[in-house]
DNA sequence: CTGAAAGCGCTTACAG
DNA sequence: CTGAAAGCGCTTACAG
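Protein chains in written order, with the UniProt record's numbering: chain B, 1 to 338; chain X, 1 to 338.
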């Protein structure tokens with residue numbers, strides 16, 4: 001690998017000068033500068049970024065720890081974040097949940113000396129979160145939040161759950177199934193809380209056999225949909241805790257020969273792009289105009305560029321907490337009144 | 001940031017010993033080892049990866065330069081690659097096409113001293129490809145290939161184009177529209193070649209007003225679908241050069257009140273997961289059982305672990321070229337015989 | 001088994 | 001404007 005020393009030798013100057021034309025070109029005389037530039041080109045020189053970040057204070061890199069790309073919601077937000085950050089001159093190191101534990105990611109992230117971190121897959125009581133706060137570098141939680149005071153941008157999920165549930169109640173549904181991932185994740189916990197509250201307010205009791213908290217992916221959701229519809233008294237509507245699962249359920253329901261919405265209504269959360277597709281037409285609650293990923297990146301970069309704060313006790317730092325209002329998009333999948 | 005020196009001080013040993021418990025734990029006496037381990041924990045020490053990679057020969061990191069996540073095909077393959085690599089103990093640095101030019105990526109990748117590179121978005125005559133070959137580190141092209149001799153894994157796209165076209169011809173179609181991205185990309189070029197050939201073999205001429213090479217994303221495809229169907233003599237079938245575009249077209253066609261397949265047939269390439277969804281049922285040619293992303297990662301890691309070759313002239317290196325046979329999945333979107 | 005020392009490739013005061 | 005030198009945090013022969 002060609003180093004700045006090689007360039008210096010060819011250009012007939014010192015290694016320091018080579019470094020200067022890279023970092024502060026005006027400070028070197030034009031003719032030496034061109035000599036160095038030519039030598040670089042001739043040798044196809046690329047500065048070693050590891051060496052640079054070892055000495056520099058900023059890596060101009062942020063880390064994104066994202067939920068799995070199998071969920072289109074995370075594919076969309078990853079795209080948003082990476083694109084936005086690139087526009088601001090930051091490189092994004094992307095990690096995905098399935099690669100290993102949050103802990104491993106944190107280790108890596110810490111080792112790479114990134115300028116900031118965005119995390120979309122913390123658990124509500126995640127023990128590694130403390131570690132994140134103690135790193136002392138800017139971070140933003142995104143989509144999911146931690147129980148303790150923290151920086152985050154997320155939807156008002158409880159409101160979203162209520163909104164969706166009341167819509168189904170309005171359409172005459174009483175036997176509503178609810179498929180969710182584990183409630184140790186804020187998104188799932190809060191959406192469920194909204195559902196429960198809306199049911200209670202309508203003085204309806206929740207049929208426990210219609211509720212499942214172990215549907216963590218599309219396949220599980222499909223199996224459960226199948227089971228639900230085999231019940232002696234099947235639900236008339238199914239809420240899935242995200243659109244990815246809801247769309248998978250739709251597939252299962254149609255495969256069973258059921259018609260949506262006349263035999264079962266179906267609804268999800270997030271309002272991913274596909275939900276509004278003419279062939280899908282899934283009722284969902286979310287915010288497509290509000291670019292959550294971008295917003296997270298924007299605030300993170302603002303924190304980075306504001307520099308370290310003067311507070312001696314970091315726990316006194318004010319938090320950035322952005323909770324945005326959900327919007328209900330009623331589509332064909334719930335358009336049948338019973 | 002706490003360094004190994006700090007740990008050494010607390011543990012009462014030299015920095016070298018701290019390094020040893022990290023890299024070669026058996027070589028240090030158990031009691032000193034625990035002392036060091038405790039000190040690390042107490043200080044929440046994480047080795048600086050930049051420093052490590054500066055001196056180590058392997059970073060256990062590969063780079064992936066992927067097409068945009070807006071196309072689900074790339075989301076799927078990124079997921080495959082990252083997961084597979086993690087299973088083999090490699091970290092993946094992911095770059096997306098939209099972040100900047102291939103050149104910038106290459107620079108970054110080079111600077112980070114990754115052990116290998118997977119690229120899914122080279123152009124057929126990409127000038128930066130030479131740079132990639134000259135890096136002298138293992139690489140794999142994936143999905144798209146370069147015109148010159150190179151390592152790649154890709155579908156036999158010309159065969160795929162032929163397969164799909166003949167199917168439509170069998171169904172009685174003569175006025176087939178073809179929506180594609182620019183032919184400076186191997187995938188597009190070859191699929192088109194397969195189409196043209198199949199048409200020629202059937203002694204049919206291609207109606208030029210039905211062919212577009214400027215549909216590079218879903219939105220463009222939708223606009224073109226709209227235009228096509230306004231023609232005095234609209235096509236009876238539309239081929240989109242990938243499923244992402246085809247599914248977007250489906251949306252547009254349904255929005256126009258057209259029925260698929262009875263008024264227009266529709267087909268795509270890649271056979272992404274959604275294509276087989278009951279609500280979509282898109283005919284497509286691809287290979288879902290063959291995990292192309294995984295395969296690329298597997299071969300790349302094999303090359304990395306085989307170590308540098310002894311050949312003096314790298315251009316004499318044998319290439320790994322995997323071209324897999326496409327399979328046609330006939331679904332509802334083309335099931336109407338005219 | 002462990003320490004002192006060299007070196008990975010850079011940046012950045014410090015002199016001149 | 002430019003060079004010599006220190007140092008970023010690590011790993012790894014080399015002695016002992």
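Positions of the beta carbon are idealized from the N, C-alpha and C atoms, including for glycine.
9 Å Cβ cutoff, residue i in contact with chain B
{"i": "residue 52 of chain X", "result": "yes"}
{"i": "residue 72 of chain X", "result": "yes"}
{"i": "residue 171 of chain X", "result": "no"}
{"i": "residue 277 of chain X", "result": "yes"}
{"i": "residue 184 of chain X", "result": "no"}
{"i": "residue 247 of chain X", "result": "yes"}
{"i": "residue 165 of chain X", "result": "no"}
{"i": "residue 237 of chain X", "result": "no"}
DSSP bridge partner residues for residue i (one or two, in chain order)
{"i": "residue 329 of chain X", "result": "X:284"}
{"i": "residue 61 of chain X", "result": "X:91"}
{"i": "residue 211 of chain B", "result": "B:178"}
{"i": "residue 139 of chain X", "result": "X:117"}
{"i": "residue 265 of chain B", "result": "B:237"}
{"i": "residue 270 of chain B", "result": "B:286"}
{"i": "residue 96 of chain X", "result": "X:66"}
Reduced DSSP category for residue i - H, G, I as helix; E, B as strand; rest coil
{"i": "residue 239 of chain B", "result": "strand"}
{"i": "residue 84 of chain B", "result": "helix"}
{"i": "residue 66 of chain B", "result": "strand"}
{"i": "residue 336 of chain X", "result": "coil"}
{"i": "residue 290 of chain X", "result": "coil"}
{"i": "residue 110 of chain B", "result": "helix"}
{"i": "residue 307 of chain X", "result": "coil"}
{"i": "residue 189 of chain B", "result": "helix"}
{"i": "residue 320 of chain X", "result": "coil"}
{"i": "residue 21 of chain B", "result": "helix"}
{"i": "residue 232 of chain B", "result": "coil"}
{"i": "residue 36 of chain B", "result": "helix"}
{"i": "residue 75 of chain X", "result": "helix"}
{"i": "residue 155 of chain X", "result": "strand"}
{"i": "residue 160 of chain B", "result": "helix"}
{"i": "residue 170 of chain X", "result": "helix"}
{"i": "residue 299 of chain X", "result": "helix"}
{"i": "residue 31 of chain X", "result": "helix"}
{"i": "residue 245 of chain X", "result": "helix"}
{"i": "residue 144 of chain B", "result": "coil"}
{"i": "residue 128 of chain X", "result": "helix"}
{"i": "residue 55 of chain B", "result": "helix"}
{"i": "residue 276 of chain X", "result": "helix"}
{"i": "residue 250 of chain X", "result": "helix"}
is_contact[residue i, chain X] using C-beta, thresh 9 Å
{"i": "residue 303 of chain B", "result": "no"}
{"i": "residue 280 of chain B", "result": "yes"}
{"i": "residue 334 of chain B", "result": "no"}
{"i": "residue 69 of chain B", "result": "yes"}
{"i": "residue 76 of chain B", "result": "yes"}
{"i": "residue 217 of chain B", "result": "no"}
{"i": "residue 250 of chain B", "result": "yes"}
{"i": "residue 79 of chain B", "result": "yes"}
{"i": "residue 221 of chain B", "result": "no"}
{"i": "residue 108 of chain B", "result": "yes"}
Contact test: residue i Cβ vs the ligand GTP heavy atom, cutoff 8 Å
{"i": "residue 33 of chain B", "result": "With respect to the ligand GTP, the structure shown offers nothing to examine, as it has no ligands at all."}
Handout entry: Residues from the UniProt domain "HTH lacI-type" (2-56) of chain X in contact with chain B, defined by Cβ distance under 9 Å
Key = Correct list: 44, 46, 47, 48, 49, 50, 51, 52, 53 and 54.
Practice task
Taking only beta carbons into account, state which residues of the segment 253-275 of chain X come closer than 7 Å to chain B, listed in chain order.
Solution key: So the list reads 254 and 255, given in the order they occur along the chain.
Handout entry: Interface residues of the segment 110-140 of chain B facing chain X [CB-CB below 8 Å]
Key = Across the segment 110-140 of chain B, CB contacts with chain X closer than 8 Å involve 110, 111, 112, 113, 131 and 134, in sequence order along the chain.
Practice task
Could you tell me whether the segment 134-152 of chain X touches the segment 167-182 of chain X, where touching means 3 or more Cβ pairs closer than 8 Å?
Solution key: Not touching, per the Cβ criterion.
Problem - Proximal residues, the segment 82-97 of chain X versus chain B, C-beta separation under 7 Å - result: Only 82, 83, 86, 91, 93, 94 and 96 from the segment 82-97 of chain X bring a Cβ to less than 7 Å from some Cβ of chain B.
Practice task
Could you list the residues in the segment 280-301 of chain B with a C-beta less than 7 Å from some C-beta on chain X, going in chain order?
Solution key: Correct list: 280.
Exercise for the section: Take every Cβ of the segment 153-160 of chain B, pair it with every Cβ of the segment 324-337 of chain B, and state whether three or more of those distances are shorter than 8 Å. Expected result: Taking one beta carbon from each stretch, the segment 153-160 of chain B and the segment 324-337 of chain B have 3 or more pairs nearer than 8 Å; the two touch.
Exercise for the section: Evaluate the contact criterion for the segment 57-73 of chain B versus the segment 101-119 of chain B: three or more CB pairs, one atom per stretch, below 8 Å. Expected result: The segment 57-73 of chain B vs the segment 101-119 of chain B: in contact.
Problem - Cβ contact (3+ pairs, closer than 8 Å) linking the segment 183-190 of chain B and the segment 250-268 of chain B - result: Verdict: no, contact absent.
Problem - Touch test, the segment 217-235 of chain B against the segment 246-253 of chain B, Cβ-Cβ under 8 Å, three pairs minimum - result: Flag = yes, the segment 217-235 of chain B and the segment 246-253 of chain B touch.
Exercise for the section: Say whether the segment 2-15 of chain X touches the segment 291-309 of chain B, bearing in mind that this needs 3 or more beta-carbon pairs closer than 8 Å, one atom from each stretch. Expected result: Result no; under three Cβ-Cβ pairs closer than 8 Å.
Practice task
Would you check if there are 3 or more beta carbon pairs closer than 8 Å linking the segment 289-302 of chain X to the segment 80-94 of chain X?
Solution key: Taking 8 Å as the limit for Cβ pairs, the verdict is that the segment 80-94 of chain X does touch the segment 289-302 of chain X.
Practice task
Decide yes or no for the touch test of the segment 260-274 of chain X against the segment 226-242 of chain X: beta carbon pairs closer than 8 Å, at least 3 of them.
Solution key: Per the Cβ contact rule, the segment 260-274 of chain X is in contact with the segment 226-242 of chain X (3 or more Cβ pairs under 8 Å).
Handout entry: Any 3 or more C-beta pairs closer than 8 Å across the segment 6-19 of chain B and the segment 41-48 of chain B
Key = Counting Cβ pairs under 8 Å, three or more are found: they touch.
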